[in-house]
Amino acid sequence: MKIVSSEFLTSAVNPGGYPPGHFPEVAFVGRSNVGKSSLINKLVNRRGLARTSKTPGRTQLINFFTINDSFLMVDLPGYGFARVPEEVRSKWGKMIEGYLKNRESLKGVALLLDCRHTPTAQDKQMYQWLIHYQVPTVIVATKIDKLSNNQWSKQQGVIKKSLSLTPGQQIIPFSAETGRGKDELLLLLDSWVNE
Ligand code: GTP
Ligand code: MG
Numbered sequence: 001m002k003i004v005s006s007e008f009l010t011s012a013v014n015p016g017g018y019p020p021g022h023f024p025e026v027a028f029v030g031r032s033n034v035g036k037s038s039l040i041n042k043l044v045n046r047r048g049l050a051r052t053s054k055t056p057g058r059t060q061l062i063n064f065f066t067i068n069d070s071f072l073m074v075d076l077p078g079y080g081f082a083r084v085p086e087e088v089r090s091k092w093g094k095m096i097e098g099y100l101k102n103r104e105s106l107k108g109v110a111l112l113l114d115c116r117h118t119p120t121a122q123d124k125q126m127y128q129w130l131i132h133y134q135v136p137t138v139i140v141a142t143k144i145d146k147l148s149n150n151q152w153s154k155q156q157g158v159i160k161k162s163l164s165l166t167p168g169q170q171i172i173p174f175s176a177e178t179g180r181g182k183d184e185l186l187l188l189l190d191s192w193v194n195e
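Following the UniProt record's numbering, the residues of the sequence shown are numbered contiguously, the last one being 195.
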C-alpha cells in the first residue's frame, strides 16, 4: 500500500468525540514511550503528523488521522506511565478500553512492544484482552535499530514466552529510524482495511 495522503482528523476522550465510523480504522496501542506516534509518522512519511516526545505521556487523547481518504489510523495514549497521578492513569485506561471495546469500524490493532524489554503485566493484559475480543492483532517490536540480529532472536523468544503468543501470531520488528518493517506492516494494515 502506498500512502499518498494523511491528515489529522480529530482528538477525542470519549465516544461522543469520535468521528463518524464511515471508514475502516486501525489502532496503535502500547506503553507510553514505546514509539506509537513515531511509527505512525514513519508509515505516512511525515515527521510531525503525530506528536512525539522523549517525555512519556505525550499523547493524552485519542488522535484520529485520515489516510488516503479511505481509512483512519488511531494513535492511542500510552499506558503504564508511572509518573502521572493514579486518577489520570485510570482515566486513560478507561479511555483506551472504551475505544477498543466499542468501536465498530476498528479492523485491527497493532500492539507495540519495545524490542529490548520484557512485556509488562499491562502488555500481557492488553494482549489477552485483544484475543478475548477477537480483534485482529499484530505485535510490533519497536526500536529494532537498538538490537543486533542476534540479540533480537533471543529477545523474540522472551517476548513469545512471556505473552504466551497464540500459534501463528505475527511479530513485526520495526524501526522508525531505519524504516525496517514498514512495508510488511503496511501490507497487513492494507489487508485489514480492505477486507
Ligand atoms: P506516548 O505518546 O507518550 O504514549 O509515547 P509514544 O509511544 O507515542 O512514543 P513516541 O513515538 O513519542 O517515541 C518516544 C521516544 O522513542 C522518542 O524519543 C522517539 O524518538 C523514540 N523512538 C521511537 N521510535 C524509535 C525507533 O524506532 N528507534 C529509536 N532509536 N528511537 C525511537
Ligand atoms: Mg504518542
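For each residue, glycine too, the CB sits at the ideal point set by N, CA and C.
For clarity, every value in this text was computed on a predicted model and none was experimentally measured.
Burial state of residue i (16 or more Cβ within 10 Å)
| i | result |
| --- | --- |
| P15 | exposed |
| Y127 | buried |
| N45 | exposed |
| K107 | buried |
| E104 | exposed |
| R31 | buried |
| N33 | buried |
| T137 | buried |
| Q155 | buried |
| A121 | exposed |
Closer than 7 Å: residue i CB and nearest the ligand MG heavy atom
| i | result |
| --- | --- |
| D75 | yes |
| W179 | According to the sequence as given, residue 179 is Gly; it is not Trp. No, the ligand MG has no heavy atom inside 7 Å of this Cβ. |
| S37 | yes |
| A12 | no |
| G48 | no |
Per DSSP, cross-strand counterpart(s) of residue i
| i | result |
| --- | --- |
| P173 | A141 |
| V29 | L111 |
| I62 | A12 |
Contact with chain B by residue i, beta-carbon distance below 8 Å
| i | result |
| --- | --- |
| E104 | Absence of chain B from the displayed structure is noted, only one protein chain being present. |
heavy atom of the ligand GTP below 7 Å from residue i C-beta
| i | result |
| --- | --- |
| K146 | yes |
| T120 | no |
| N63 | no |
| A176 | yes |
| K91 | no |
| T166 | no |
| N45 | no |
Element boundaries [beta strand (DSSP E), containing residue i]
| i | result |
| --- | --- |
| V74 | 71-75 |
Continuous alpha helix (DSSP H) stretch holding residue i: start and end
| i | result |
| --- | --- |
| G108 | Element bounds for G108: not the alpha helix (DSSP H) but the beta strand (DSSP E), 106-114. |
| V44 | 36-44 |
| L9 | From DSSP, L9 is part of no alpha helix (DSSP H) but of the beta strand (DSSP E) over 6-12. |
| Q128 | 121-132 |
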